[in-house]
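Accompanying notes for the structure given below.
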Amino acid sequence: MLQLREVRYRYAGGNRDILAGIDLDVEAGQVLGIVGPNDAGKSTLCLVAAGLAPATIGGRLDGSVRLGGAETRDLRPYEAAQRCGVLLQRPELQLTGTAETVFEEIAFGPRNLALDLPTVVERVEWALAALNIEDLAPRDPKHLSGGQAQLVALASVLALRPPLLVLDEPTGQLDPAGTRLLADALLSLASNRGTAILIVEQRTGLLARLADEVAVLDGGRIVARGPAAAVLSSPVLDEVGVEPPPVVRVRRAVEAAGLGHRLGGLDLDAIDRSWPPGTADATDIVLRRERAPDTATGEAARWEAVDFAYPDGTRALSGVDLGLGEGAVVGIVGQNGAGKSTLVRHLNGLLRPTIGQVLVRGRSVEGRHVAELAREVGLAFQDPDRQIFAGRVASEVEFGPRMLGRSGQPLADAVRMALAAVGLEDLAEAVPFDLGYAKRKLLGIASILAMETPIVVLDEPTTGQDAVGLARLRGLVAALAADGRTVITISHDMRFVAETTERVVVMGDGRVLADAMTTDVFAEPGWPILRSTFLEPPLPARVGTRLGLGSTPTEAALVAALLA
Amino acid sequence: MPEVPDFLRRQPTGFYRSLNPATKLVIAVATAAIAFGVGGWTGPLSMLLLAGLTAAGAAITRRLLPYLLAASPLVASILLVNTFLYPGASDPLFAIGPFTATATGLTAAFQASLRVTAFALSVAVFSLTTPTDDLLSDLERRGLGRRAIFVIGAAISTVPRLLSRAKEIVDAQRARGLDTEGSLRNRVRGLVPLAGPLVASTLVEVEDRTIALEARAFSAPGRRTPLRTLPDSNVQRAARWAIALTTVALIALSIAGALRLP
Numbered sequence: 003m004l005q006l007r008e009v010r011y012r013y014a015g016g017n018r019d020i021l022a023g024i025d026l027d028v029e030a031g032q033v034l035g036i037v038g039p040n041d042a043g044k045s046t047l048c049l050v051a052a053g054l055a056p057a058t059i060g061g062r063l064d065g066s067v068r069l070g071g072a073e074t075r076d077l078r079p080y081e082a083a084q085r086c087g088v089l090l091q092r093p094e095l096q097l098t099g100t101a102e103t104v105f106e107e108i109a110f111g112p113r114n115l116a117l118d119l120p121t122v123v124e125r126v127e128w129a130l131a132a133l134n135i136e137d138l139a140p141r142d143p144k145h146l147s148g149g150q151a152q153l154v155a156l157a158s159v160l161a162l163r164p165p166l167l168v169l170d171e172p173t174g175q176l177d178p179a180g181t182r183l184l185a186d187a188l189l190s191l192a193s194n195r196g197t198a199i200l201i202v203e204q205r206t207g208l209l210a211r212l213a214d215e216v217a218v219l220d221g222g223r224i225v226a227r228g229p230a231a232a233v234l235s236s237p238v239l240d241e242v243g244v245e246p247p248p249v250v251r252v253r254r255a256v257e258a259a260g261l262g263h264r265l266g267g268l269d270l271d272a273i274d275r276s277w278p279p280g281t282a283d284a285t286d287i288v289l290r291r292e293r294a295p296d297t298a299t300g301e302a303a304r305w306e307a308v309d310f311a312y313p314d315g316t317r318a319l320s321g322v323d324l325g326l327g328e329g330a331v332v333g334i335v336g337q338n339g340a341g342k343s344t345l346v347r348h349l350n351g352l353l354r355p356t357i358g359q360v361l362v363r364g365r366s367v368e369g370r371h372v373a374e375l376a377r378e379v380g381l382a383f384q385d386p387d388r389q390i391f392a393g394r395v396a397s398e399v400e401f402g403p404r405m406l407g408r409s410g411q412p413l414a415d416a417v418r419m420a421l422a423a424v425g426l427e428d429l430a431e432a433v434p435f436d437l438g439y440a441k442r443k444l445l446g447i448a449s450i451l452a453m454e455t456p457i458v459v460l461d462e463p464t465t466g467q468d469a470v471g472l473a474r475l476r477g478l479v480a481a482l483a484a485d486g487r488t489v490i491t492i493s494h495d496m497r498f499v500a501e502t503t504e505r506v507v508v509m510g511d512g513r514v515l516a517d518a519m520t521t522d523v524f525a526e527p528g529w530p531i532l533r534s535t536f537l538e539p540p541l542p543a544r545v546g547t548r549l550g551l552g553s554t555p556t557e558a559a560l561v562a563a564l565l566a
Numbered sequence: 058m059p060e061v062p063d064f065l066r067r068q069p070t071g072f073y074r075s076l077n078p079a080t081k082l083v084i085a086v087a088t089a090a091i092a093f094g095v096g097g098w099t100g101p102l103s104m105l106l107l108a109g110l111t112a113a114g115a116a117i118t119r120r121l122l123p124y125l126l127a128a129s130p131l132v133a134s135i136l137l138v139n140t141f142l143y144p145g146a147s148d149p150l151f152a153i154g155p156f157t158a159t160a161t162g163l164t165a166a167f168q169a170s171l172r173v174t175a176f177a178l179s180v181a182v183f184s185l186t187t188p189t190d191d192l193l194s195d196l197e198r199r200g201l202g203r204r205a206i207f208v209i210g211a212a213i214s215t216v217p218r219l220l221s222r223a224k225e226i227v228d229a230q231r232a233r234g235l236d237t238e239g240s241l242r243n244r245v246r247g248l249v250p251l252a253g254p255l256v257a258s259t260l261v262e263v264e265d266r267t268i269a270l271e272a273r274a275f276s277a278p279g280r281r282t283p284l285r286t287l288p289d290s291n292v293q294r295a296a297r298w299a300i301a302l303t304t305v306a307l308i309a310l311s312i313a314g315a316l317r318l319p
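Protein chains in written order, with the working numbering: chain A, 3 to 566; chain B, 58 to 319.
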């Protein structure tokens with residue numbers, strides 16, 4: 003279906019090969035996972051495999067890329083599109099911008115192929131059903147959440163019925179429920195329709211479930227390839243800087259402590275796969291919510307009976323009462339569209355409550371300019387591309403502290419410190435839009451760190467990060483906490499939340515469903531709160547529960563409980 | 058046999074919205090052309106009135122503001138340049154430093170501003186009452202090529218995207234301490250760092266979107282499948298021709314000096 007031989011590719015104006023001699027095959031019905039550190043060439047591989055590079059974006063391609071037996075250089079883009087459907091990293095840019103409804107958006111591809119109307123409708127309905135998003139059909143694509151846009155973009159590709167799918171981090175903006183849904187849909191396509199799938203993912207746990215084979219890309223070369231289970235548990239992942247799947251990490255952590263025999267009878271893969279999503283009733287759970295104790299003296303932020311509705315009438319927050327102490331390290335979790343980002347945008351005045359009030363460090367935000375609140379609240383946006391605007395990395399990071407009145411040496415120090423904290427110190431002169439997504443994400447965070455605000459909000463900081471980036475972010479949150487700053491992290495990455503926060507706020511449908519210590523949220527019998535919002539506790543918590551060990555949300559906690 | 062869902066068979070509400078896209082396009086072009094092509098006050102004022110009444114009839118007056126704001130820098134510069142620097146004017150009104158405002162300049166400034174505002178309103182009324190996809194389908198039905206349709210579609214969808222991107226950039230800058238609230242000075246200050254990033258990110262986005270369209274077979278040959286039939290009638294066809302011919306005649310007469318209007 004897809005065959006690459008000795009493929010080398012460099013971008014127009016580039017001075018090095020991003021792909022440096024790739025050989026790979028993907029057969030019908032096969033799922034090939036691609037992993038690799040940031041800047042390994044994964045997204046470029048997707049563009050080349052789909053026939054978009056160099057046909058649409060230019061550059062120089064050497065070697066052979068064959069789609070369904072034909073060289074991509076001999077195919078017109080619309081011919082390649084029928085042989086290979088491609089989903090890129092930023093779903094919102096894959097939407098046409100001209101469709102008024104999701105239905106029309108998905109119909110765009112089949113209509114371009116001049117199929118008859120009943121066939122167009124049938125394909126759209128099939129694609130909607132395959133991803134379980136039929137209810138989105140009449141919605142305006144411009145008003146979708148990131149996760150919803152990702153599913154609609156994928157449905158738009160599926161509607162072309164390509165025999166090969168090339169997916170570049172398709173779960174980047176999906177919550178755990180959306181990720182499972184996507185995985186089920188892809189498995190069904192591969193097994194029932196014989197669709198060949200090449201999928202780039204940082205979530206190796208997903209690949210462990212999906213992929214027949216996994217190839218490891220590093221420096222534009224494939225450095226390992228083999229059956230998924232073998233590659234995902236091999237040391238090569240650590241060597242190149244890719245996080246192994248949760249099952250592998252838990253097993254390794256326990257075995258390293260000499261406690262491997264305690265897992266003897268457990269099938270970790272089965273536990274990992276067996277999570278029953280969304281069976282609890284959220285309305286009961288609200289009543290059972292507990293307030294976590296605040297250890298700090300002052301209060302960093304408070305939402306008092308806050309309701310918020312967007313101008314189009316969409317109600318995003320309902321009766322939110324929440325207080326966060328100074329120095330608290332809090333995780334906010336919930337499904338796509340639960341109101342998490344809306345909640346934190348009230349802290350710096352980008353959004354104002356429809357009803358109720360918001361206080362930052364004891365003072366109401368009402369009547370205070372966003373620019374004034376920026377001295378107290380630094381908010382790193384979920385999508386770095388909605389935040390980044392400067393032509394130079396250093397200028398981007400300088401902007402905040404400069405606006406807050408810093409100059410000279412203190413400004414230079416703040417920029418250096420922030421870039422070093424995210425590992426971008428060598429890229430100060432780079433053009434932000436030339437960086438890969440993961441680095442742009444880190445740049446967005448650095449530009450907030452440089453402002454040295456007492457409250458730091460990180461919206462989905464781990465998206466697209468490799469093992470090095472994740473470790474850096476974990477260290478960063480710990481360092482901010484040690485510095486006494488209040489850190490609020492919104493994340494779908496339950497492992498990151500479990501490892502970095504002391505308190506978790508669970509949101510659903512614009513309401514606070516739970517507000518409790520992290521260990522308690524992940525230790526609830528049966529996890530009704532998490533299940534009600536389609537979230538899943540990290541694997542160590544589930545293993546600990548199975549072994550009757552109490553709350554073990556992290557690998558370290560699991561090992562400690564086993565030792566005790 | 059699968060059928061198009063009911064929500065796609067949307068029935069436009071009101072007289073103007075239910076017109077064929079081509080009819081609305083002809084009206085919009087005619088409005089803008091007369092506003093610019095017919096001299097004096099009558100051309101721009103009557104077209105401004107027409108666009109305003111149409112907007113009120115289509116219940117979109119509240120959504121006109123972004124379009125008027127987009128035109129405001131141009132209107133401001135027209136007012137200043139014409140009022141103070143109108144070539145050959147010799148009827149001074151007052152002076153600010155070395156610059157002298159003239160009555161001729163002021164008249165020209167107001168007329169030109171009205172023309173630009175009428176143009177902005179005609180664009181706004183058209184784009185707010187016409188689904189882009191309907192326009193593209195209708196133009197394609199009339200034989201326009203796929204590439205031309207893409208350019209028109211991209212241009213139309215660029216305006217709201219630019220506005221939304223501009224808001225994102227301003228939000229990102231405000232969240233990092235740039236004060237754009239309160240005084241006029243602050244608001245103007247917020248516009249200055251906007252232009253460069255807006256252009257740069259738009260160019261980046263154009264490439265990404267081109268990739269996305271190619272990946273969805275946009276350049277395939279043949280006529281795209283229409284999702285619905287668009288209303289048209291002999292009356293509308295006749296009206297389009299009548300409007301187009303009247304517009305050309307009015308402009309020709311005005312240029313020839315045969316149209317003596319205030």
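The beta-carbon is built from N, C-alpha and C at its ideal position, and this holds for glycine as well.
The model shown is predicted, which means the values in this text are computed figures rather than measured ones.
What does residue i pair with, by DSSP beta-bridge criteria?
i                : result
Cys86 (chain A)  : A:Leu166
Gln168 (chain B) : DSSP, once it has assigned bridges, lists no residue as partnering Gln168 (chain B).
Tyr11 (chain A)  : A:Leu21, A:Leu63
Glu215 (chain A) : A:Leu34, A:Pro229
Leu4 (chain A)   : A:Val28, A:Leu69
Arg642 (chain A) : No answer is possible for residue 642 (chain A): the residues shown for chain A start at 3 and end at 566.
Mind reading off the beta-carbon distance from residue i to residue j? Whole number of angstroms is fine, and I expect it under 8 Å.
i                : j                : result
Gly321 (chain A) : Arg513 (chain A) : 7 Å
Leu156 (chain A) : Val202 (chain A) : No, Leu156 (chain A) and Val202 (chain A) are not in contact; Cβ-Cβ is about 14 Å, not under 8 Å.
Thr520 (chain A) : Thr503 (chain A) : 5 Å
Ala302 (chain A) : Val561 (chain A) : Not confirmed; about 33 Å, so no contact.
Leu348 (chain A) : Val395 (chain A) : Inspection of the sequence shows that residue 348 (chain A) is occupied by His rather than by Leu. So it is not a contact: roughly 30 Å between Cβ atoms.
Leu185 (chain B) : Gly109 (chain B) : Not really, about 13 Å apart at Cβ, beyond 8 Å.
His494 (chain A) : Pro93 (chain A)  : So it is not a contact: roughly 15 Å between Cβ atoms.
Val331 (chain A) : Val479 (chain A) : 7 Å
Thr267 (chain B) : Thr58 (chain A)  : 6 Å
My output table needs one value for residue i: the three-state DSSP class, helix, strand or coil.
i                : result
Thr157 (chain B) : strand
Lys443 (chain A) : helix
Leu122 (chain B) : helix
Gly393 (chain A) : coil
Trp529 (chain A) : coil
Ala232 (chain B) : coil
Ala58 (chain B)  : With the sequence shown as reference, residue 58 (chain B) is identified as Met, and Ala is not the correct amino acid for it. Looking at Met58 (chain B) - three-state DSSP - the assignment turns out to be coil, as it is neither helix nor strand.
Gly202 (chain B) : coil
Leu565 (chain A) : helix
Ala318 (chain A) : strand
Thr491 (chain A) : strand
Ala192 (chain A) : helix
Phe72 (chain B)  : coil
Leu437 (chain A) : coil
Report yes if the C-beta of residue i is less than 8 Å from at least one heavy atom of the ligand MN; otherwise report no.
i                : result
Arg211 (chain A) : This structure lacks the ligand MN; in fact it carries no ligand of any kind.
Note down, in chain order, all residues in the region 59-78 of chain A with a beta-carbon under 8 Å from any beta-carbon belonging to chain B. Ile59, Arg78
The region 99-122 of chain A: positions lying closer than 9 Å to chain B by Cβ: Gly99, Thr100, Ala101, Glu102, Thr103, Phe105, Glu106, Ala109, Phe110, Gly111, Pro112, Arg113, Asn114, Leu115, Ala116, Leu117, Asp118, Leu119, Pro120, Thr121, Val122
Is the region 35-43 of chain A in contact with the region 215-222 of chain A, if contact means three or more CB pairs nearer than 8 Å? yes
Do the region 8-15 of chain A and the region 127-138 of chain A touch if we need at least three Cβ pairs shorter than 8 Å? no
At least 3 beta-carbon pairs within less than 8 Å: the region 114-123 of chain B vs the region 67-81 of chain B: yes
Closer than 8 Å between beta carbons: that is the criterion. Which residues of the region 124-135 of chain A meet it against chain B? Glu124, Glu127
Report yes or no: do the region 426-439 of chain A and the region 49-64 of chain A share at least 3 C-beta pairs separated by less than 8 Å? no
Does the region 74-82 of chain A come close enough to the region 152-169 of chain B that 3 or more CB-CB pairs lie under 8 Å? Contact between the region 152-169 of chain B and the region 74-82 of chain A is absent, because fewer than three Cβ pairs lie under 8 Å.
Residues in the region 443-463 of chain A with C-beta within 8 Å of chain B's C-beta atoms, listed in sequence order? With the criterion set as a beta carbon lying under 8 Å from some beta carbon of chain B, the members of the region 443-463 of chain A are Ser449, Ile450, Met453, in sequence order.
I want to know whether the region 532-544 of chain A touches the region 342-356 of chain A - three or more CB-CB distances under 8 Å. no
If you pair each beta-carbon of the region 446-460 of chain A with each one of the region 134-150 of chain A, do three or more pairs fall below 8 Å? no
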